[in-house]
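Residue numbers are given in the numbering used here: position 193 of the sequence shown equals residue 255, and the series is strictly consecutive. Note that CB positions come from ideal geometry on N, CA and C, so glycine has one too.
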Amino acid sequence: MKILLGPPCSGKGTIGLGLKERNPELVFLSAGNVLREMARKPEYKFIEEGLSRGEMVATDLICEIMMKKAEEYNYKVILDGFPRNLMQANYIKNWTEKNNIKIEGIFCIQVDEALLIKRTATRNFCNICQKTSCFENFCCNQEMIKRNDDNAEILSKRLAIYNSEISLVLNCLCGPVYYIYNNEDITNTLNKIEKIFNEIDFLN
Ligand code: AMP
63 MKILLGPPCS
73 GKGTIGLGLK
83 ERNPELVFLS
93 AGNVLREMAR
103 KPEYKFIEEG
113 LSRGEMVATD
123 LICEIMMKKA
133 EEYNYKVILD
143 GFPRNLMQAN
153 YIKNWTEKNN
163 IKIEGIFCIQ
173 VDEALLIKRT
183 ATRNFCNICQ
193 KTSCFENFCC
203 NQEMIKRNDD
213 NAEILSKRLA
223 IYNSEISLVL
233 NCLCGPVYYI
243 YNNEDITNTL
253 NKIEKIFNEI
263 DFLN
């Protein structure tokens, strides 16, 4: 099992799509996508409020759902945006210890804050496939929209949460941490991650 972490707008979704294009067999489990998908169902409507405010939602719920989904794929997955706080990290730690699952790599995406602010202002979202892009405005045969949590105020709130939790999360999880800068060309970022993936696969 691998884990992809990073601040909001650091490009985790784009990295996931890029790596999947290169290796279609990879399974990305994005906590944000899972929650947005759930929020469409009437019984999970309450999630929508947390999402639009940029708050962490439903820790118990997301932990159980993410780890059950990971189990379905025999842990050959990349968890994206999960864990995001110490409680979630502890949940994963206990789960992986109990089930003898190895965390092969924790990829921590880093981006200059000024760029995060710029990306938040310009990125669009496809309501159908959940793709985000700062360069495109059309996807799945329709206009992309603005996510209602993509604004400066929510970004600063989400960044504050991320900055206060990330070192606690990294200290809690057992696995090698790889810091990857995603300021520049996405191809460079994908190449760097893919090279580490290959090394991990070679060692296992
Ligand atoms: P993202 O798609 O990663 O930008 O996340 C969008 C929103 O989903 C966040 O602002 C949170 O409201 C929620 N979310 C994403 N991941 C988690 C998580 N691990 N735990 C709780 N809430 C989350």
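query: For Ala176, the nearest candidate out of Phe197, Thr184, Phe169 (CA to CA); result: Thr184
query: Beta strand (DSSP E) segment containing Phe169, residue limits; result: 167-172
query: Proximity to Cys234 [Cα-Cα], best of Asn147, Pro69, Lys138, Thr76; result: Asn147
query: First and last residue of the uninterrupted alpha helix (DSSP H) at Leu97; result: 93-101
query: In chain order, each alpha helix (DSSP H) run of at least 4 residues that lies wholly inside the region 186-258; result: 214-234
query: Sequence-distant residues of the same chain with beta carbon closer than 7 Å to Tyr135, five excluded per side; result: Val89
query: Residue of Asn162, Lys257, Lys155, Arg98 minimising C-alpha distance to Lys12; result: It is not possible to answer for residue 12, since the shown part of the chain is limited to 63 through 266.
query: Glu261 versus Leu141 - alpha carbon distance; result: 19 Å
query: Residues that Ile65 bridges to, as DSSP identifies them; result: Leu141, Ile168
query: Beta-bridge pairing of Phe90 - partner residues as DSSP gives them; result: Ile140
query: Straight-line Cα distance separating Ile168 from Phe144; result: 11 Å
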